[in-house]
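Visitor: In my numbering, each residue's number is its place in the sequence shown (first place is 1) plus 2. Sharing a structure with you now.
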Amino acid sequence: MSDLPDEFKCTITNWEYIYSLCRDVSDDVRRDEFEPDVIVALARGGWFAGRCICDFLGMDDLTSLKMEHYVGTAEKSGEPTIRYPMPEGSVEGKDVLIIDDIADTGGSIKRAQEYVEDREAGEVRTATLQLLQTSEFEPDYVGEQLEEWAWVVYPWNFIEDMVDLISGVMAKADEDAFSKRDIRHYLKEYHEVDRIGMEIAQPNRLTEILTEMERREVVTMTTPGEWALVD
Ligand code: ADE
């Protein structure tokens, strides 16, 4: 998220919504009569989906692959690399379903497919819960295609993303201190996150996020009900 511009659209999701996308992907796999022996869930975004899809399809073989986007010392590139190689024998001769949360550029899932195919797997198919039009790779199974590019805030990293988003809007708006109302105002202005949408998806979370931002020393409370970035 750190290499994004300071204004972009965000969509906040919840567990129910994402779970229904896992069900949709599973229904498509079943309808296709594809019966994978193992699911490879890409870390970290594909883990929840991988576990749920195992349940929907009645599978118990679930493994993981961690994709990273680093080239050198904290320098990001478009080329994803594999952080933890898969244990010997995890996919050899097996039909594999690779799952991730979202295909944005499509680089991660494409690279994962090549990696798994290089390990003498049987048939290898790919799935993502969401697909953006920016993706150069089209997975075999997609929960939904988004019309417009957005940063999707998933429930499993809600706090992580909201800490980044709120500290980002505070830096951009450049005021001395921010009330909750100010924060909501700038989330709307810079990220199209409206109060009702956020409260429906993730009710009563703003206080929790601000408390966590204080604990992580990202913000301090300057006066009761107002926060400023720690520089
Ligand atoms: N990871 C990569 N692209 C993303 C996006 N648009 N939303 C959420 N997570 C992502």
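From the three backbone atoms N, C-alpha and C, an ideal C-beta is built for every residue, glycine too. Here the structure is a predicted model, which is why all the values come from computation and not from measurement.
Between the segment 38–56 and the segment 90–101, can you find at least three pairs of beta-carbon atoms closer than 8 Å?
Guide: Touching, per the Cβ criterion.
Visitor: Thr36 and Arg127 look like a contact to me (Cβ under 8 Å); what is the Cβ gap, rounded to whole Å?
Guide: Looking at the sequence shown, residue 36 is not Thr but Phe. Sure, about 6 Å apart at Cβ, within 8 Å.
Visitor: Taking just the CA atoms, how far does Thr209 sit from Asp184?
Guide: Roughly 13 Å separates the two Cα atoms.
Visitor: Can you tell me whether Asp106 sits near the ligand ADE, meaning its C-beta is under 6 Å from at least one heavy atom of the ligand?
Guide: It does: the Cβ of Asp106 is within 6 Å (strictly closer) of some heavy atom of the ligand ADE.
Visitor: Could you tell me which uninterrupted alpha helix (DSSP H) segments, each at least 4 residues in length, are contained entirely in the segment 146–216, listed from first to last along the chain?
Guide: The segment 146–216 contains these whole alpha helix (DSSP H) runs: 160–175, 182–193, 197–203.
Visitor: Could you name the residues that DSSP lists as bridge partners for Arg127?
Guide: DSSP, once it has assigned bridges, lists Leu99 as partnering Arg127.
Visitor: Which word fits Gln115, buried or exposed, when buried means at least 16 other C-beta atoms lie within 10 angstroms of its C-beta?
Guide: Gln115 is buried by the Cβ-count criterion.
Visitor: Cβ of Trp236 within 6 Å of any heavy atom in the ligand ADE?
Guide: For the chain, the structure presents residues 3 to 233; residue 236 sits outside this window and is missing.
Visitor: State yes or no: is the C-beta of Ser137 within less than 7 Å of the C-beta of Gly108?
Guide: Contact flag set, yes.
Visitor: Where Phe180 and Leu212 are concerned, what is the direct C-alpha to C-alpha distance, given to the nearest angstrom?
Guide: If I take the Cα positions, the gap works out to 11 Å.
Visitor: Any idea if Met3 is buried or exposed, counting beta-carbon neighbours within 10 angstroms, 16 or more meaning buried?
Guide: Exposed, because fewer than 16 other Cβ atoms sit within 10 Å of the Cβ of Met3.
Visitor: When you compare the segment 142–158 with the segment 14–31, are there three or more beta-carbon pairs, one atom per stretch, that lie closer than 8 Å?
Guide: They touch, by the three-pair rule.
Visitor: What would DSSP say about Leu64, mapped onto helix, strand or coil?
Guide: Reduced to three states, the DSSP call for Leu64 is strand.
Visitor: Can you tell me whether Tyr188 is buried or exposed? The criterion is at least 16 other CB atoms within 10 Å of its CB, across all chains shown.
Guide: Tyr188 is buried by the Cβ-count criterion.
Visitor: Starting from Leu44, trace the beta strand (DSSP E) in both directions and tell me its first and last residue.
Guide: Where Leu44 is concerned, the enclosing beta strand (DSSP E) stretches over 40–45.
Visitor: Determine the burial state of Arg33: buried for a count of at least 16 other Cβ atoms within 10 Å of its Cβ, exposed for fewer.
Guide: The residue in question, Arg33, is exposed, as its Cβ has fewer than 16 Cβ neighbours within 10 Å.
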